[in-house]
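Going by numbering that gives the first Met the number 0, the sequence shown opens with residue 0, and the numbers climb by one from there.
Beta carbons are placed, not taken as given, at the ideal position from N, Cα and C, and that holds for glycine.
The model shown is predicted, which means the values in this text are computed figures rather than measured ones.
This report refers to the structure that appears directly beneath it.
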Amino acid sequence: MTASVENVVRSGIAVLLLIAAAPALAAEPTVVERPGPDGLTELLVQADGKTLATCRVNLSRRNAPAAADSGLIRQWEGYRFGGFVCYNDNQFVGSEYSKNTEAKTYNPIKLDVAGWAAAMKNAGMKYAVLTTRHTSGFLLWDSATTTFDVASAGQTTDVCGEFVKQCRLHGIAPGFYYCLWGGKAWMPHPNARAIILAQLHELASRYGEVPYFWIDMGNWRPENLSPQEIYDSIRNQQPRAVVILNQHIQDGGAIRYFPTDVMNGEVHLPPEGGHRAFRRVGGERYYLPFEFEPVSQRIAKGTTTPWGPVGAWFTVRDSKPIPAKDLFDWIRQAYARGASNVLLSLAPDHTGAMRADDVRQLEELGKLMRQAGLLEVPPPASPPAESLALGKLARASGVWQGNIQQLGPDLAFDGDPATRWGGTEGSKAGWLEVDLGRETTVSRAVILEGWDRTRKFAIQYWADRQWKDAAAGTTIGARCEVKFPPVKARLFRLNVTEAIDVPTIWEFQLFGPE
């Protein structure tokens, strides 16, 4: 915080009003939330017994993820390859997860944001995301909400502002990363909700149009701030922005935080069978493309996983660039498995500039990707055929502990691979039935199973007052597609006759002839 606060007015959406100049403060500011006019939420920044600034945010207007055919998602997918600029006070404390509390720890001696942008452009990157706030809570902009920011560190450069400027000058779309986890607003800080809303408002209101917001949920607590409120606070301020709520390390199958416009798995690749971008959440169908976020540096004590090294997001003393050929191989796999975009971490060092080895790595990687045609944007995805069994009346041989709400048979027909049917406890067989409502021709089934338990099964249909086999098999696994001669019936079922544990099915989908 410095002696002035930027005055931003956005009619009908949010307002930041300068109430008083902000002198040097004896105490850390706090942010108080209260109802505002016209259904807005009002946030008051207070310190030393004075109100320094207020802002109003719109949490009452609900938003949903952009449609597959929307210009926003097509624009985002058109970026294809981007840079995740991991730069904060981490470089100065030498830790991936800083718990620093002193603003003056941040002290770059040759901050070169233009150099970052030039290196990204040279690598073929079309978008970039800056870590505006990481685990210590240190802010890379001059904020009214805290004394723990670049201005309080004695630095004159608003890194967020310079980042946006240089990205635009180099033809790169700028984006902001913001971490809910950590710092003086560490959950469950009593004012965490108001502080986060006020800081997100500052990021969304000061720098013009910012097309991408990357929210790291971290130590998120629903009683403090819901995913819907986080999403709405940004989209109502930046209606043309794509917003991702970080789903953390996984293959993109589980929707942990919603709404989000994009799915991800951090350093985890999409599944071998490919990312399923068309998903159902709460009965509605959404298009949620995948972003792969590999690290570009390895540290001596880093952990290597089947999908790549979990090394250094931030440049620390012993971090070294991963060979460009290795990065290329992971990125190629990600695209082959259905990732729309790749956001590669890159990190300036404690001086504020990128190391020469890292610049060379990006240049070499860019050449490899151009030669392989990986920077070319594929045609828009088309939605797959919808299951004939979607949302239809379902029955089962039994439900785990009678828990119909969480493990009932209808959950295997809701189009959501994150919900499932679970059979009777202790059983090693069971059936799952669906009523299509009328006689329908079916020739293909897709089964998603939990934990690979089935050893013998049949897909059956009801005819002549008995169940008849349309197809049979042994194991099912994560995804099993079964084709069979067309049969016409109203009732179909999956009959698991042998399993090593309780049968459990994420999805049982039926399709007609193509």
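The DSSP assignment places complete alpha helix (DSSP H) segments of no fewer than 4 residues inside the region 50–113 at 70–78, 89–92, in order along the chain. Here F162 is not near S97, since their CB atoms are 9 Å or more apart. Here N494 carries a strand assignment [DSSP, helix/strand/coil]. Between P293 and V84, the C-beta gap is not smaller than 9 Å, which leaves the two residues out of contact. Nearest C-alpha to Q246 among I233, M262, R239: M262. Burial of N87 is indicated by the presence of at least 16 other C-beta atoms within 10 angstroms of its C-beta. For Q45, the beta-bridge partners assigned by DSSP are T29, T50. Bridge partners of Q360 according to DSSP: none are assigned. N121 carries a helical assignment under DSSP once its states are collapsed to helix, strand and coil. Take G414, set aside five residues on each side of it, and the residues of its chain with a beta-carbon closer than 6 Å to its own are R279, L389, in chain order. In this structure, F147 is the residue among G81, P189, P107, F147 with its C-alpha nearest to the C-alpha of E101. Contact between the region 129–145 and the region 366–374 is absent, with fewer than three C-beta pairs closer than 8 Å. Taking all protein chains shown into account, I194 has 16 or more neighbouring C-beta atoms within 10 Å of its C-beta and is therefore buried. Closest in C-alpha terms to R275, from the list G282, I254, Q90, L199, comes I254. Taking C-alpha positions only, I72 is separated from R167 by approximately 20 Å.
Taken in chain order, the complete beta strand (DSSP E) segments of 3 or more residues contained in the region 291–352 are 302–304, 307–309, 340–345. Here the alpha carbon of A355 sits roughly 15 Å from the alpha carbon of V112.
One Cα belongs to L224, the other to E27, and the distance between them is close to 22 Å. Nearest Cα to D463 within the set E362, E513, A488, A417: A488.
If you draw a straight line from the Cα of K366 to the Cα of D37, it is about 53 Å long.
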